[in-house]
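>
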Amino acid sequence: METAPKRTNYLNADYGIRSWLLTLDHKRIGILYLISITLMFLLGSLFAVLIRLELLTPAGDFVQADTYNKLFTMHGIVMIFFFLVPSIPAVLGNFLLPLMIGARDLAFPRLNLMSWYVYMVGGIFTLWAIITGGVDTGWTFYTPYSTTASHSNVLMTAVGIFITGFSSILTGLNFIVTIHTMRAPGLTWFRLPLFVWAHYATSLIMILGTPVVAITIFLVGIERAFGLGIFDPALGGDPILFQHLFWFYSHPAVYIMILPSMGVISEIITCFARKRIFGYEFIAVSSLAIAVFGFLVWGHHMFTSSQSVYAAMIFSILSFAVAIPSAVKVFNWTATLYKGSISFEAPMLFAMGFIGLFTIGGLTGLFLASLGLDVHVHDTYFVVAHFHYIMVGGALMGYLGAIHFWWPKMTGRMYSEWAAKVSAVLVFVGFNLTFFPQFVLGYLGMPRRYHAYPDEFQVLNVMSTTGASILGLGYLVPLCYLTWSLWRGPLASANPWKAAGLEWTTPSPPPTENFETTPVVEEEAYTYPLKEAEVV
Amino acid sequence: MSSSTTVAHQFDDAAQQKRASTLGMWVFLVTEVMMFGGLFTAYVVYRSLYPEAFAQASHHLNAELGAANTLVLLGSSLTMALAVRSAQLGKRAGTVIGLIATIVLGSVFLGVKAYEYSHKFHENLIPGPSFVFPGSEADHAQLFFSLYFAMTGLHALHMVIGVGILGTLTVMAARKRFSAEYHNPVEIGGLYWHFVDIVWIYLFPLLYLLGRH
Amino acid sequence: MSSFSLFPESASTISGQVDALFFFMVGTSLFFGLLVAILVIYMAIRYRRRAGDTGAGAEIHGNLQLEIAWSIVPFVIAMVMFYWGASVYMTMARPPDDAHEIFVVGKQWMWKLQHLEGRREINELHVPVNQPIKLTMTSEDVIHSFYVPAFRIKADAVPGRYSTAWFEATKVGTYHLFCAEYCGTEHSQMIGRIVVMEPNEFQDWLSGETTVADAGSAMVDATRSPAEIGAELFVARGCTTCHQGAAGVMGPSLAGLYGRERNFADGRSAVADEAYLRQSILEPQSQILDGYQPIMPTFKGQIDEEGLLALIQYIKTLEPNEG
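Chains as they are written, first to last, in the numbering used here: chain A, 11 to 546; chain B, 58 to 270; chain C, 21 to 343.
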């Protein structure tokens, strides 16, 4: 075993379980989140494996209908609320934001630790609900099914999600205040890395949207617990009102998942193209535009729910509008490659994979924004494919890219470059093989959340399950070589990629206080090529 | 426990710390507005669907007690403002007295609220299987009372938390933790308290007065 | 209906319109998707870092003209997509006047369908070809969604309200009927088929003797039309006491009521459509007609969804001069 040089960093500054569970260091809290969400990801993936196995054959023969319904519900709940929403913000945002803006920590370290505990408590409630029988409402909790018809652990799960929501609110609050008040001298808003801009936009959604879904889930909970009729049509309640309140958060929540990934891509592409970002201001402002417009499009989940034709039109036109800032980002990333000096380390492969998958996800989003077309493909596998392209192809690809990019900074170790490239290719190929056939299935008319399906859909489902096994392998490989690297990986220098950004000017792993002296910023972000002095 | 406790390690100076904590409370209040906003939306939708039932149901609330409670809360906002002013001037006694007065008024509000709740219980106006409402629109009246309890209950929860915060501030003030230079926690606690008051200023007319003839 | 294919059958007047829009969007998406893909791949190769390179990219900050161009052009294309999609949606939302009405009631986990002529079906709907069909839908329990892929139509059946959809089948054949909104354990078994027949065969079928088993609603007879059943309910439930004959002291006359504007005591008004009639039966106190006393009792819990649709159908048949 290689021994690290005797330099104090945040990992060896203190030892013992207490030093982790009571830490106020944003970097350690990031690692706590990393471990927790990885476990949740494995759990969510297990559900996905069982779902894909069931769908190998048209008959519902692998698990029972109730079990299947619980599987897709818990897959959605675990992956969305406990993996994707906290993934990049809580792990990498926590770790990197203070480093990127030259601060010693986030503004409120105690709140930060509290957010992790809140997440864990919510997670325990949800796991308890899963272990004691599970929940079968779909992650959307549509009323009146969730309030009057379901016989599963809706209340317990609702409590879990309600609690976890506050972890996200606290994280968002912390980020906003930190970005506003704790930037290093000279670090003006338009010198911030785009990763920070993306997290600022994400945090806005977290603090504005999450309380609404919390109160909505709370109402579902008390309706179930006390037999009230808030969303029950039998007592004059309106089940469609639930959908409005739910999607008011849950559509913007999609942007909570994808915006941080977009920030990551800007960092990675500039580094490996050795170029400034093309159109910095446009990428920065488009993040805010997405956050704002994201709040105005929720009705596009309800085009077939008998809402008024004119409301549908307004939501449709706004949904088309929100596609523009996303397109602007893709074009700017592409233009950043122009006349670059491009190399293809693993993070860059993930980033390029992101551009491909996100483009497909974004373009198919237009199909769903289009009223006449959405009526046909709504609630079919077309929707399933679309949001997996965004949330897995986009968000998860960005997350993997980010983990590979900043792994040396977080752990002080390098991983096997060759294995990482294999993993990037496996994920890209496996993902497309899994989810592209689902677009075809959706247009053919296969509804989502079906335990059994007509025979003619089998060929495409078999393709999808085959792809999923390749995709699964693509996820398992990094788990192995990254863990391996913790002990056997070569030591990382302060700046192994020769990247710009304050986080690369401090040693890997960084000391507890992040910087020996508060850095002073005199330039814009991404001043590639770096001057010799900056390359440590 | 000297100057090192007043400026946390992550901040450069007291001014930065103050900016951060004040902004933090404002951001938090924004999330609170959104949370109550969800309930207000539900209220507005159902009120417009069933105006008659909501008017009838609101007659079962005691407007006199509600009005009295409104005055109590407005008074508590005044004492809170006085406490903040005293803290800014570094007057310890004034701060402590203002905070205690605010706690007392807040507790009076909660006491009256508890009395109202128990009254509703005796009248069988607690939503659920035992709900009894005279008149033909019992179902819709139950919606009203569901929202009434959800909204005032969430508000009361905020009051309870507020009283707890003020209690902590009182102890800190009594122990000379604040000065004319460092009194930010009192200001932030005050922001929270005023917010809780403002929520009630909206709840009172919506629930007690609207539709009353 | 059960062989492998990559594209769904197109069997209604609207399905061709939806497919045309779909192909337009696929084409546009392919163009932009390939544009991005080709550019990324081309530049990845063209500007790859070679041995001996300085490792310095060109210093380019951006280009305002380009930013404006690639904001405006996609926006214009998106607006074309919006307009096209919205116009198809408008067609879907407006049933033709000569559409033939069929009642649909969803419940866990079956579709109950009622022809106005009297035939009732479960999980199977027979319709004539080339005849617009309007579906009026509701649900007895949770939200369901009536989905016929071959017709490209889908509409949620929401408890407590009526929703509509319409189609005109263009090809004789049998097509899938799915429930598209998750509704519980047997959601994936809440499926059925639409049988499109030649008009004369349909007439034979309609007058045929074969009936499906009645599923729970003892009140409704499988051989009579909804209007007949509604007339019977109207008497049996005592509606005649107040609503018979000319406008009386007790209740307003219902003759010729459907489609008329109603003014309420509290100053509001509404058009007497299906939703209004439904609410007046279930929650009579919520909309008191101007000049009348709030004395009508509620019928909530006493008449099921199919009975309600039958009553409404009966009220719709009352001509102004009848009584």
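C-beta atoms are modelled at their ideal positions from N, C-alpha and C, and glycine is treated no differently. Because the structure is a prediction, the values reported are computed rather than measured.
1. Would you please verify whether the beta carbon of M91/B is less than 9 Å from any beta carbon of chain A?
2. Determine the closest residue to V73/A out of G182/A, F205/A, Y155/A and H461/A, with distance taken between C-alpha atoms.
3. Is any beta-carbon of chain B found at less than 9 Å from that of Q333/C?
4. Could you give the DSSP three-state label for G144/A: helix, strand or coil?
5. Report, in whole angstroms, the separation of the C-beta atoms of A263/A and W207/A, which I expect to be a contact under 8 Å.
6. Any chance you could list the alpha helix (DSSP H) runs of at least 4 consecutive residues sitting entirely within the region 266-335 of chain A, in chain order?
7. Residues of chain E with a CB under 9 Å from the CB of T98/B: which are they?
8. Around the C-beta of K80/A, are 16 or more other C-beta atoms found within 10 angstroms, so that it is buried, or is it exposed?
9. Under the rule that 16 or more other beta-carbon atoms within 10 Å means buried, what is G75/C, buried or exposed?
10. Here's a check: name, in chain order, each residue in its chain whose Cβ is nearer than 7 Å to the Cβ of A139/A, leaving out the five neighbours to either side.
11. Measuring CB to CB, does F445/A end up less than 9 Å from G112/A?
12. Looking at C-beta atoms only, is the number of pairs between the region 168-183 of chain C and the region 22-41 of chain C that lie closer than 8 Å three or more?
13. Leaving out the 5 sequence neighbours to the left and right, which residues in its chain are closer than 6 Å to T230/C when beta-carbon positions are compared?
14. State yes or no: is the C-beta of G484/A within less than 9 Å of the C-beta of V531/A?
15. Give the DSSP-derived three-state secondary structure of D70/B in the structure shown.
16. Could you give the DSSP three-state label for V187/A: helix, strand or coil?
17. Assess contact between the region 301-314 of chain A and the region 346-363 of chain A, defined as three or more Cβ pairs (one per stretch) separated by less than 8 Å. Is contact present?
18. For chain A, is any of its Cβ atoms less than 9 Å away from the one on Q113/B?
19. Which residues in the same chain have their Cβ closer than 7 Å to the Cβ of Y538/A, if we skip the five residues on either side of it in sequence?
20. What residue range does the alpha helix (DSSP H) around C199/C cover?
21. Compute the Euclidean distance between the alpha carbons of T98/A and W83/B, then round it to the nearest angstrom.
22. Can you pull the chain B residues whose beta carbon is under 9 Å from the beta carbon of P119/A, in chain order?
23. Given a threshold of 16 other Cβ atoms within 10 Å of its Cβ, counted over all protein chains shown, does P186/B qualify as buried or as exposed?
24. Excluding sequence positions up to five away, which residues of its chain have a Cβ less than 6 Å from the Cβ of V187/A?
25. State whether the region 385-402 of chain A contacts the region 248-267 of chain A, with contact taken as three or more CB pairs (one from each stretch) at a distance under 8 Å.
26. Measure the alpha-carbon distance for T528/A versus Q67/B and round it to whole angstroms.
27. Going by C-alpha to C-alpha distance, which of V450/A, M358/A, G382/A and Y348/A sits closest to E79/C?
28. What does I107/B touch in chain C if you count any residue whose Cβ is under 9 Å from its own?
29. Around the C-beta of P9/B, are 16 or more other C-beta atoms found within 10 angstroms, so that it is buried, or is it exposed?
30. When you compare only the Cα positions, how much space is there between P500/A and S426/A?
31. Against H197/B, what residues of chain A qualify as contacts under a CB-to-CB distance less than 7 Å, listed in chain order?
32. In or out: L32/A buried (at least 16 other Cβ within 10 Å) or exposed?
33. Select from R142/B, A138/B, L86/B and F261/B the residue whose C-alpha is nearest the C-alpha of F252/B.
34. Does any CB atom of chain C fall closer than 9 Å to the CB of T226/A?
35. With a threshold of 9 Å between beta carbons, is L130/B in contact with chain A?
36. For chain C, find out if any of its Cβ atoms is closer than 9 Å to the Cβ of S203/B; answer yes or no.
Well, looking at it:
1. Numbered from its first residue, the second sequence carries residue 91/B at position 34. Yes, M91/B counts as interfacial toward chain A.
2. The residue given as residue 73/A occupies position 63 in the first sequence. Out of G182/A, F205/A, Y155/A and H461/A, H461/A has the C-alpha closest to the C-alpha of V73/A.
3. The count along the third sequence starts at 1 and reaches residue 333/C at position 313. It does not: the Cβ of Q333/C has no partner Cβ on chain B nearer than 9 Å.
4. Here residue 144/A refers to the residue found at position 134 of the first sequence. The answer is coil: DSSP assigns G144/A none of H, G, I, E or B.
5. Along the first sequence, read from residue 1 onward, the residue named residue 263/A stands at position 253. Along the first sequence, read from residue 1 onward, the residue named residue 207/A stands at position 197. The Cβ separation is near 19 Å, so there is no contact.
6. Within the region 266-335 of chain A, complete alpha helix (DSSP H) segments of at least 4 residues are found at 290-303, given in chain order.
7. In the structure shown, chain E does not exist; the protein chains are A, B and C.
8. Working through the first sequence from its first residue, we reach residue 80/A at position 70. So K80/A counts as buried.
9. Translated into the one-based positions of the third sequence, residue 75/C becomes position 55. Exposed, because fewer than 16 other Cβ atoms sit within 10 Å of the Cβ of G75/C.
10. The residue given as residue 139/A occupies position 129 in the first sequence. Sequence-distant partners of A139/A (beyond 5 residues in either direction) whose C-beta falls short of 7 Å from its own C-beta, in its chain, are V145, N163, M166, T167 and G170.
11. Along the first sequence, read from residue 1 onward, the residue named residue 445/A stands at position 435. Along the first sequence, read from residue 1 onward, the residue named residue 112/A stands at position 102. In this structure, the beta-carbon distance from F445/A to G112/A does not fall below 9 Å.
12. With a cut-off of 8 Å, the region 22-41 of chain C and the region 168-183 of chain C count as touching, because enough Cβ pairs lie within range.
13. Looking up residue 230/C in the third sequence gives position 210. Per-residue confidence for T230/C stands at a pLDDT of 47, beneath the threshold of 50, marking its modelled position as unreliable; no derived number is given.
14. For the purposes of this step, residue 484/A is identified with residue 474 of the first sequence, where counting begins at 1. For the purposes of this step, residue 531/A is identified with residue 521 of the first sequence, where counting begins at 1. No, these two residues do not count as a Cβ contact at 9 Å.
15. As a working note, residue 70/B is residue 13 in the second sequence. Reduced to three states, the DSSP call for D70/B is coil.
16. The sequence position of residue 187/A within the first sequence is 177, counting from 1. Of the three classes helix, strand and coil, the one that applies to V187/A here is helix, per DSSP.
17. Segments in contact, no.
18. Your numbering for residue 113/B matches position 56 in the second sequence. No, no contact with chain A.
19. Position 528 of the first sequence, counted from the start, is the residue given in the question as residue 538/A. Contacts found: T280, R284, K285, R286 and A510.
20. Taking the first residue of the third sequence as 1, we reach residue 199/C at position 179. Note, C199/C: premise wrong, no alpha helix (DSSP H); beta strand (DSSP E) at G193 to C199.
21. Walking along the first sequence from the start, residue 98/A turns up at place 88. Walking along the second sequence from the start, residue 83/B turns up at place 26. Checking the sequence, you will find Ile at residue 98/A rather than Thr. One C-alpha to the other measures close to 25 Å.
22. Working through the first sequence from its first residue, we reach residue 119/A at position 109. For a Cβ distance threshold of 9 Å, residue set A65, H66 and Q67 of chain B lies close to P119/A, ordered along the chain.
23. On the second sequence, position 129 is the one that residue 186/B refers to. It counts as exposed.
24. In the first sequence, the residue the question calls residue 187/A occupies position 177. Apart from sequence neighbours up to five positions away, the residues of its chain that approach V187/A with a beta-carbon distance below 6 Å are A117, ordered along the chain.
25. Verdict: yes, contact present.
26. Stepping through the first sequence from its first residue, residue 528/A is reached at position 518. Stepping through the second sequence from its first residue, residue 67/B is reached at position 10. As the crow flies, the alpha-carbon of T528/A is around 11 Å from that of Q67/B.
27. Counting from 1 along the third sequence, the entry for residue 79/C is found at position 59. Closest in alpha carbon position to E79/C, among V450/A, M358/A, G382/A and Y348/A, is Y348/A.
28. Start at 1 with the first residue of the second sequence, and residue 107/B comes out as number 50. Residue identity check: residue 107/B is Tyr in the sequence provided, not Ile. Under the 9 Å cutoff, chain C gives E303 and S306.
29. Here chain B covers residues 58 to 270 and nothing more, so residue 9/B does not appear.
30. By 1-based counting over the first sequence, the position of residue 500/A is 490. By 1-based counting over the first sequence, the position of residue 426/A is 416. Take the alpha-carbon of P500/A and the one of S426/A: they are about 9 Å apart.
31. Here residue 197/B refers to the residue found at position 140 when the second sequence is read from its first residue. The contacting residues are G246.
32. Numbered from its first residue, the first sequence carries residue 32/A at position 22. Burial call: exposed.
33. On the second sequence, position 195 is the one that residue 252/B refers to. The option with the nearest alpha carbon to F252/B is L86/B.
34. By 1-based counting over the first sequence, the position of residue 226/A is 216. No, its Cβ sits nowhere closer than 9 Å to a Cβ of chain C.
35. Here residue 130/B is taken as the residue at index 73 of the second sequence, counted from 1. False, the Cβ-Cβ gap to chain A never drops below 9 Å.
36. Residue mapping note: residue 203/B aligns to position 146 of the second sequence, counting from 1. No - not a single Cβ of chain C is within 9 Å of the one on S203/B.
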